[in-house]
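What the sequence shown shows, in my numbering, is residues 77 to 572, in sequence order.
Think of the CB as a built atom: it goes at the ideal place given N, C-alpha and C, for glycine as much as any other residue.
Heads up, the thing below is written out as structure tokens.
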Amino acid sequence: MTIEKYIEEIDKDGLENVWDSIIKNGLSEVQNAGELYEIGLAHINKKEKKESGKYFTPFDVADVMSDWFDGLKGENVCDVCCGTGNLILSYLNKIGYTAARDLIAKGHLYLYDKDALALKICVALICKKYGNDLGPQIHSIVCDFLDKSISLPESCKVISNPPYFKISKIDKNWQETEILRKSKEFYAAIMEKILDESESSVVITPYSFLGSEKFLPLRKKMNLYNGFIVAFDNVPGNIFAGKKHGVFNSNSTNSVRAAITVTENRSNVSGYRCSNLIRFKNEERKKLLKTNILNRFVGTTYQIIDSTHAKYCKCGPIFENIYKKWTKNSIELKTLLSVDGEFNLYVPNTCRYYTVASVKELNRTGKIRLAFSDSDTSKIVYCFLNSSFCYWYWRLFDGGITYTASLLKSLPIIDPALLQPEDKTRLLKITDEMQKSEDKYLVYKKNAGSMQENIKFPDKYRTEINDIFLKAIGTDKNSSIFNEIHSNSVFSEQDK
Numbered sequence: 077m078t079i080e081k082y083i084e085e086i087d088k089d090g091l092e093n094v095w096d097s098i099i100k101n102g103l104s105e106v107q108n109a110g111e112l113y114e115i116g117l118a119h120i121n122k123k124e125k126k127e128s129g130k131y132f133t134p135f136d137v138a139d140v141m142s143d144w145f146d147g148l149k150g151e152n153v154c155d156v157c158c159g160t161g162n163l164i165l166s167y168l169n170k171i172g173y174t175a176a177r178d179l180i181a182k183g184h185l186y187l188y189d190k191d192a193l194a195l196k197i198c199v200a201l202i203c204k205k206y207g208n209d210l211g212p213q214i215h216s217i218v219c220d221f222l223d224k225s226i227s228l229p230e231s232c233k234v235i236s237n238p239p240y241f242k243i244s245k246i247d248k249n250w251q252e253t254e255i256l257r258k259s260k261e262f263y264a265a266i267m268e269k270i271l272d273e274s275e276s277s278v279v280i281t282p283y284s285f286l287g288s289e290k291f292l293p294l295r296k297k298m299n300l301y302n303g304f305i306v307a308f309d310n311v312p313g314n315i316f317a318g319k320k321h322g323v324f325n326s327n328s329t330n331s332v333r334a335a336i337t338v339t340e341n342r343s344n345v346s347g348y349r350c351s352n353l354i355r356f357k358n359e360e361r362k363k364l365l366k367t368n369i370l371n372r373f374v375g376t377t378y379q380i381i382d383s384t385h386a387k388y389c390k391c392g393p394i395f396e397n398i399y400k401k402w403t404k405n406s407i408e409l410k411t412l413l414s415v416d417g418e419f420n421l422y423v424p425n426t427c428r429y430y431t432v433a434s435v436k437e438l439n440r441t442g443k444i445r446l447a448f449s450d451s452d453t454s455k456i457v458y459c460f461l462n463s464s465f466c467y468w469y470w471r472l473f474d475g476g477i478t479y480t481a482s483l484l485k486s487l488p489i490i491d492p493a494l495l496q497p498e499d500k501t502r503l504l505k506i507t508d509e510m511q512k513s514e515d516k517y518l519v520y521k522k523n524a525g526s527m528q529e530n531i532k533f534p535d536k537y538r539t540e541i542n543d544i545f546l547k548a549i550g551t552d553k554n555s556s557i558f559n560e561i562h563s564n565s566v567f568s569e570q571d572k
């Protein structure tokens with residue numbers, strides 16, 4: 077069946093009748109039920125589709141999640157917000173035909189979704205592969221998972237790709253928790269319930285819960301559990317590959333920065349380990365999306381969220397030692413600022429591959445002004461803001477679109493007292509060179525209909541500044557360690 081024919085049939089008979097016919101014919105004409113169903117949803121009601129946040133899980137992502145899921149504890153297997161079943165079908169395929177049939181026959185498979193038709197398709201796909209005789213043993217539950225009357229079975233593990241949308245009104249049938257009240261995000265409420273009621277889980281969501289203030293109650297709740305989180309950037313490659321169906325604007329790609337949270341709940345451990353924010357090219361996707369590869373990016377530190385560490389730090393293992401030495405030997409930027417200071421620096425609040433500071437007030441809509449009372453301090457900070465450390469800090473605790481003023485002012489500046497006299501002299505000289513040449517390196521990018529001014533200094537300045545600051549904190553690394561942070565590729569040339 078072509079897409080054109082499919083749409084024509086929907087217009088004539090309705091989406092549910094079309095899928096009843098497809099299921100009755102044994103799904104013989106369907107290769108990707110999830111995407112086909114999503115196209116149908118988008119066609120019949122674009123607004124409903126947009127608001128409900130339904131996006132199917134790509135097959136390669138489902139396979140990665142299933143690989144992690146297979147090693148987790150839990151007798152009963154649950155797919156929450158299962159949709160048409162990409163995740164659960166991947167897992168059943170992972171454990172093999174015999175084990176899958178045995179799991180289902182013993183009544184250990186539970187499927188939850190509010191969309192009765194999607195759930196019906198999911199069950200039909202499972203029965204097609206593992207036998208129609210198993211249909212009655214599948215617990216397929218049409219429900220609002222957040223309803224207080226719905227509970228997960230004892231001794232269960234959960235795999236899930238919940239819908240991503242804002243909650244405008246809290247349903248009276250939901251448990252009104254602090255996480256739900258503060259976040260007003262459906263996926264956060266789903267995560268909370270899964271954490272509370274399961275032995276273990278693998279859940280893919282937006283990465284926003286890692287640092288956004290409104291998700292702080294969720295992060296604190298996660299202190300009670302343990303596991304690891306793998307975070308993905310959305311450029312140049314995106315974890316939700318392909319076209320987004322049913323959108324109103326010109327951005328037809330999936331722009332979600334995603335995180336896969338694996339809750340293991342091991343003995344005598346609290347908190348979650350976190351990967352760096354993984355940026356990859358589309359051609360690297362196949363090599364990257366394997367658990368043995370992704371595990372390499374996960375840090376070794378189990379992070380506990382508290383008043384001094386309110387966000388998850390997205391720091392991979394090769395950078396952990398540098399990060400510890402940096403933060404141990406630093407002064408918070410905001411303590412160096414002076415409201416009435418005469419020495420001003422300006423920092424654009426958007427960045428992609430580097431950060432910039434200038435004494436020139438750039439002609440752009442988004443910039444942060446920093447004032448200092450003495451010249452030397454402003455010059456040392458100028459160098460640090462143009463270093464890889466400043467950009468890396470943004471990647472550690474945000475990495476989205478903007479560098480907020482609050483995050484920038486919390487930047488740990490390597491203590492100038494640690495600088496050797498000759499290194500401090502060199503930094504002051506570099507600052508003079510860069511400030512005199514700012515106009516020479518101006519660049520422009522059109523955004524929201526107007527040209528935005530920025531500066532792109534030659535890499536040689538950043539390299540030398542990095543080397544001086546790395547030396548100051550007592551590492552034996554040089555600036556090349558930061559190549560991975562600035563790169564739009566996840567693998568170095570020797571790894572390709």
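Under 7 Å between C-beta atoms, does residue i make it to chain D?
i	result
MET527	You won't find chain D in this structure, because it holds only one protein chain.
Could you pull out every residue in the same chain whose Cβ sits closer than 6 Å to the Cβ of residue i, ignoring the five residues on either side in sequence?
i	result
HIS215	TYR186
ALA433	LEU421, VAL423, TYR458, LEU461 and ASN462
HIS321	Confidence at HIS321 is low in this model, with a pLDDT of 46, below 50, so the placement of that residue should be treated as unreliable; the coordinate-derived value is given next. So the list reads GLU114, ILE115 and ALA118, once near-sequence residues are dropped.
ALA307	TYR283, ALA335, SER351, LEU353 and LYS390
GLY303	VAL338, THR339, GLU340 and TYR348
GLU80	none
LYS196	none
VAL435	GLN511
LYS123	Below a pLDDT of 50, predicted positions are generally treated as unreliable, and LYS123, at 45, falls in that range; the measurement from the model is reported next regardless. So the list is empty, once near-sequence residues are dropped.
LYS190	ASP220
ASN162	GLY110, PHE132, THR133 and ALA138
Report the option in the options whose CA atom is closest to the CA atom of residue i.
i	options	result
GLY550	TYR467, ASP499 and TRP402	TRP402
TYR240	ASN249, GLU252 and ALA265	ALA265
PRO312	ASP220, ASN358, ALA176 and GLU85	ASN358
VAL137	PHE262, ILE246 and SER236	SER236
GLU560	ASN314, LEU286 and ARG355	ARG355
SER513	PHE533, ARG295, GLN251 and SER568	PHE533
Residue i lies in the beta strand (DSSP E); which residues open and close that run?
i	result
VAL374	From DSSP, VAL374 is part of no beta strand (DSSP E); its letter is neither H nor E.
ASN523	518-523
LYS233	232-236
VAL338	334-339
ILE407	406-408
SER216	215-218
Identify the continuous alpha helix (DSSP H) that holds residue i and give its terminal residues.
i	result
ALA265	262-273
ASP87	79-89
ALA200	192-206
GLY417	Note, GLY417: premise wrong, no alpha helix (DSSP H); not H, not E.
PRO534	Premise fails: PRO534 is in no alpha helix (DSSP H) and is neither H nor E.
PRO293	292-298
SER284	Careful: SER284 lies outside any alpha helix (DSSP H) and carries neither H nor E.
ILE255	254-259
ILE561	559-562
With a Cβ-Cβ cutoff of 7 Å, do residue i and residue j count as a contact?
i	j	result
SER142	TYR173	no
TYR430	TYR469	no
TYR20	ARG349	The chain is shown from 77 up to 572; residue 20 falls before or after that span and cannot be answered.
LEU228	CYS154	yes
GLY110	PHE145	no
TYR188	PHE135	no
LEU504	LYS455	yes
LEU483	ASP474	yes
SER277	ILE270	yes
ALA548	LEU495	yes
THR480	THR426	no
Quick one: residues in its chain with C-beta nearer than 8 Å to the C-beta of residue i, no 5 flanking neighbours on either side, listed in chain order?
i	result
LYS521	MET527, GLN528 and ASN530
SER274	GLY150, CYS154, LEU228, CYS232, LYS233, VAL234 and THR339
LEU579	Because residue 579 is not part of the residues shown, which for the chain are 77 to 572, the question remains open.
ALA200	ILE99 and LEU103
ILE164	VAL153, ASP155, CYS158, LEU185, LEU187, CYS198, ILE202 and ILE235
VAL94	TYR82, GLU85, ILE86 and GLY116
For residue i, I'd like the list of residues in its chain whose CB is within less than 7 Å of its CB, leaving aside the five on either flank, ordered along the chain.
i	result
LEU489	The sequence as given places Ile at residue 489; Leu does not occur at that position. SER406, ILE407, LEU409, LEU412, VAL457 and PHE460.
ASN121	none
ASN310	SER331, VAL332 and ARG333
LEU518	GLU529 and ILE531
ASP139	SER166
SER326	Because the pLDDT at SER326 is just 38, under 50, the model does not fix this residue reliably, and the value given afterwards should be weighed accordingly. Cβ within range, chain order: n/a, list empty.
ALA176	LEU168 and TYR206
ASN345	Reading off the sequence, residue 345 comes out as Val, not Asn. Once the five neighbours on either side are set aside, the close Cβ partners of VAL345 are ASN302 and TYR378.
ILE180	TYR206, LEU210, GLN213 and ILE214
Please specify which runs of the beta strand (DSSP E), each continuous and at least 3 residues long, are wholly inside the stretch 348-403, giving them in chain order.
none
Could you give the uninterrupted runs of the beta strand (DSSP E) lying entirely in the stretch 432-497, keeping only those of 3 residues or more?
443-448 and 488-490
Just list the beta strand (DSSP E) runs in the stretch 116-177, keeping only unbroken ones of 3 residues or longer that don't cross its boundaries, in chain order.
152-156
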